[in-house]
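Read through the structure below, which is laid out as C-alpha cells, and then see the notes.
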Amino acid sequence: MPKSEPALKDVYKKDFYVGAALNQRQSSGQDAQATALIRQQFNTISPENLLKWGPVHPRPGQYNFQPADAYVAFGQQHKMFIIGHTLLWHQQTPKWVFEDEAGQPVSREVLLQRLQEHIRTVVGRYKGKIQGWDVVNEAIDDQQGALRKTKWLEILGEDFAAKAFEFAHQADPKAELYYNDYSLYRPEKREGVIRLVKGLQAKGIKVTAIGMQGHYGLRQPTIEQVEASIVAFAKLGVRVNFTELDIDVLPNPSRRQGADVSENYAADPRYNPYPAGLPDSVQQQLARRYADLFALFHKHRDVIDRVTLWGVTDADSWLNNWPIRGRTSYPLLFDRRYQPKPALPAVLQATGSARPAGH
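Once you know that position 159 of the sequence shown is 159 in my numbering, the rest is easy, because the numbers rise by one and skip nothing.
Spelled out as C-alpha cells, the structure:
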C-alpha cells in the first residue's frame, strides 16, 4: 500500500494497541505478504487457534508447542504486545479433559488438577513473553446472562473462573489477565459479566480487562449499545479491550447476534450475495461502520487498551465458513489481495471526529 498512508498502529499510538489475530501460516512466517502487512500496520497479535486447549494439549501429558513457539517468536521479533488465547473455554477442549479412562466424568479434584497443570505448563512456558491472556472465554450464556451450562461448571462448580484466574496468576504474576466474550452489548450478557467480575474481585482476584469480541454487523449493535457496555465495564475498575473485531456484511440466516460456533446452516445462495466482489455501495457502508466504531474507541481511549481485528485480510476470516461454509465474506480492512479497502482510510481519519470521553 502507498507509503504516504500512515499505519493503524501509528495513528492510534497514544490511544491503544491495534492488532490482528494470526493464523498458523502467518505466525510461522509462511505468508510473506501477510508478514509485511502485519509488521506495517499492527503492534499487537493474538493467535486464532494454536493456543486453544485442543491444538496445544491434544492428549494427556502431550503438548504441541511448536506452532505456539513460532507465534511467540514472531511477536518478539517484531516487538509486538503478544496475547495468549485461551486457557478455559467450553469449545475446542478435548473430551479426555473431562473424562476418566472409562469415559466417565472425572471428579472436581481431578479436573482442577488437570486445569492447573495445563495453565501452569502453558502460561509458564511463555512467562514474560506473552503479556496478556484470555483466561476464561465465553462463560456467560446468551439468553439470561447466567453461567453457561458447560462441563467446567458441571464438574467444578461456580468457582471454575476464579480457579482459572488464580492458576494463571500463579504461573505468571506479571501477565495481564482477561475475561473474553461476545455480544457484550446485550444488557443480559453485560450484567452477567459484571456479576462474574465482581465475584472475582470480591475474592481478591484481579481482572485486568474485559474483552468485548466485536463480531458485529453493519447496523447491529448500535454505537450506543456498545458504548453503554464500555462505560459499565469501566465502572468496575477494569480496562476494556476489543478483541475479535469484524463486521459481517452478509445477510444472517439467524436472528441471533453473536459468535456461537455451534450454530451452522446449510448453504443457500441468498446468504452469499457477493461471490464476485463487494459492491461499492456496501464498501462505503462498511467504511462508515468501521469509522463510527473507531471514533467510539478513540472517544473512550482512557479505558480501552487494545483493539484487535479477527484476521488480517478478508481471505483469512472465519466468517467465510460461519454460520454457512464456503461464503465469500468481506469483514476486515484489507481485501483478499492484501490491499486496503475504503474502510482503512475511514478508520485512519476517525480520530478527527472523536471527542475525549466524559468520565
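Even for Gly, the Cβ is constructed at its ideal location relative to N, Cα and C.
Everything numeric in this text was worked out from a predicted model, so none of it was measured.
| Exposed or buried, what is Ser107 when buried is set at 16 or more other beta-carbons lying within 10 Å of its beta-carbon? | Here residue 107 refers to the residue found at position 107 of the sequence shown. Ser107 comes out exposed.
| Whole-angstrom distance between Pro342 and Trp133, CA atom to CA atom | Locating residue 133 in the sequence shown gives position 133, where the first residue counts as 1. Locating residue 342 in the sequence shown gives position 342, where the first residue counts as 1. Those two C-alpha atoms are separated by around 32 Å.
| query | Nearest CA to the CA of Gln168: which residue from Glu117, Gly237 and Ile223? | reply | Sequence index remark: in the sequence shown, residue 168 carries index 168 (1-based). A quick correction: the sequence has Ala, not Gln, at residue 168. Ala168 has its Cα closest to that of Glu117, out of Glu117, Gly237 and Ile223.
| request: For Arg355, count neighbouring Cβ atoms within 10 angstroms of its own Cβ and tell me buried if that reaches 16, exposed if not. | output: By 1-based counting over the sequence shown, the position of residue 355 is 355. In this prediction, Arg355 has a pLDDT of 37, which is less than 50 and means its spatial position is unreliable; what the coordinates show is noted afterwards. Classification of Arg355: exposed, given that the 10 Å Cβ count is below 16.
| Every unbroken alpha helix (DSSP H) inside the stretch 202-279 [4 residues or more] | 223-234
| said: Relative to the C-alpha of Thr308, which candidate in Pro105, Gln143, Ala161 and Asn241 has its C-alpha closest? | reply: Within the sequence shown, numbered from 1, the residue matching residue 308 stands at position 308. Per the Cα distances, Asn241.
| request: Compare the Cα-Cα distances from Leu332 to each of Asp268, His215 and Gln170 and report the closest residue. | output: As a first step, residue 332 must be located in the sequence shown, where it is residue number 332. The shortest Cα separation from Leu332 among Asp268, His215 and Gln170 belongs to His215.
| task | Using beta-carbon positions only, say whether Tyr178 and Ala228 come within less than 7 Å of one another. | result | As a working note, residue 178 is residue 178 in the sequence shown. As a working note, residue 228 is residue 228 in the sequence shown. Their beta carbons are not under 7 Å apart, which means Tyr178 does not touch Ala228 by this criterion.
| field | For Met1, three-class secondary structure by DSSP | value | Within the sequence shown, numbered from 1, the residue matching residue 1 stands at position 1. Unreliable placement is indicated for Met1, whose pLDDT of 45 sits below 50; the coordinate value is still reported in the next sentence. In the structure shown, Met1 sits in coil (DSSP, three-state: anything other than H, G, I, E or B).
| query | If you drop the 5 nearest sequence neighbours on each side, which residues of the same chain put their C-beta closer than 6 Å to that of Phe294? | reply | What you label residue 294 is simply residue 294 of the sequence shown in a count that begins at 1. Once the five neighbours on either side are set aside, the close Cβ partners of Phe294 are Val347 and Ala350.
| For Asn43, does the three-state DSSP call read helix, strand or coil? | To locate residue 43, count along the sequence shown from 1; it is residue 43. Coil at Asn43, not helix or strand.
| From Asn23, Leu344, Ala102 and Gln339, pick the residue whose C-alpha is nearest to that of Gly68; which is it? | As a first step, residue 68 is located in the sequence shown; it is residue number 68 there, counting from the start. The question names Gly, yet the displayed sequence has Ala at residue 68. Minimum Cα distance to Ala68 is reached at Asn23.
| Just curious, the beta strand (DSSP E) that Arg306 is in, first and last residue? | Start at 1 with the first residue of the sequence shown, and residue 306 comes out as number 306. It spans Ile304 to Leu309 - the beta strand (DSSP E) in which Arg306 sits, taken as one unbroken run.
| request: Could you check the C-alpha separation between Asn49 and Pro345 for me, to the nearest Å? | output: For the purposes of this step, residue 49 is identified with residue 49 of the sequence shown, where counting begins at 1. For the purposes of this step, residue 345 is identified with residue 345 of the sequence shown, where counting begins at 1. Near 29 Å, if we compare the C-alpha coordinates of Pro345 and Asn49.
| field | For Phe364, the three-state DSSP class (helix, strand or coil) | value | Since the first residue of the chain shown is 1 and the last is 359, residue 364 is not available in this structure.
| request: Let me know if Glu176 comes out buried or exposed under the rule of 16 or more other beta-carbons within 10 Å of its beta-carbon. | output: Along the sequence shown, read from residue 1 onward, the residue named residue 176 stands at position 176. With 16 or more other Cβ atoms within 10 Å, it is buried.
| message | With H, G and I counted as helix, E and B as strand and the rest as coil, what does DSSP make of Tyr178? | response | Residue numbering aside, residue 178 sits at position 178 when the sequence shown is read from its first letter. The answer is strand: DSSP assigns Tyr178 an E or B state.
| Same chain, Cβ closer than 7 Å to Leu111, five either side skipped, listed in chain order | For the purposes of this step, residue 111 is taken as the residue at position 111 of the sequence shown. Cβ within range, chain order: Phe98, Ile155 and Leu156.
| message | Threshold first: 3 residues or longer. Then list the beta strand (DSSP E) segments lying entirely within the stretch 19-72, N to C. | response | 44-47
| query | Is the number of C-beta pairs between the stretch 317-325 and the stretch 296-303 that are closer than 8 Å three or more? | reply | no
| task | Could you name the residues of the same chain whose beta carbon sits closer than 7 Å to that of Val197, not counting the 5 residues immediately before and after it, in chain order? | result | The residue given as residue 197 occupies position 197 in the sequence shown. Around Val197: Tyr179, Val207, Ile210, Leu236 and Val238.
| message | Do Tyr185 and Val226 have their beta-carbon atoms positioned less than 7 Å apart in this structure? | response | Residue numbering aside, residue 226 sits at position 226 when the sequence shown is read from its first letter. Residue numbering aside, residue 185 sits at position 185 when the sequence shown is read from its first letter. Against a cut-off of 7 Å, the Cβ pair of Tyr185 and Val226 comes out as a contact.
| query | Considering Gly132, what are the terminal residues of the beta strand (DSSP E) in which it resides? | reply | In the sequence shown, counting from the first residue as 1, residue 132 sits at position 132. Here the beta strand (DSSP E) through Gly132 covers Gly132 to Asn137.
| message | If we require 3 or more residues per run, which beta strand (DSSP E) segments fall completely within the stretch 135-168? | response | none
| Buried/exposed call for Tyr265, threshold 16 Cβ in 10 Å | As a working mapping, residue 265 is identified with position 265 in the sequence shown. Exposed: under 16 other Cβ atoms inside 10 Å.
| Relative to the C-alpha of Pro60, which residue among Gln113, Gln77, Tyr71 and Lys9 is closest? | Reading the sequence shown from its first residue, position 60 is the one you call residue 60. Per the Cα distances, Gln113.
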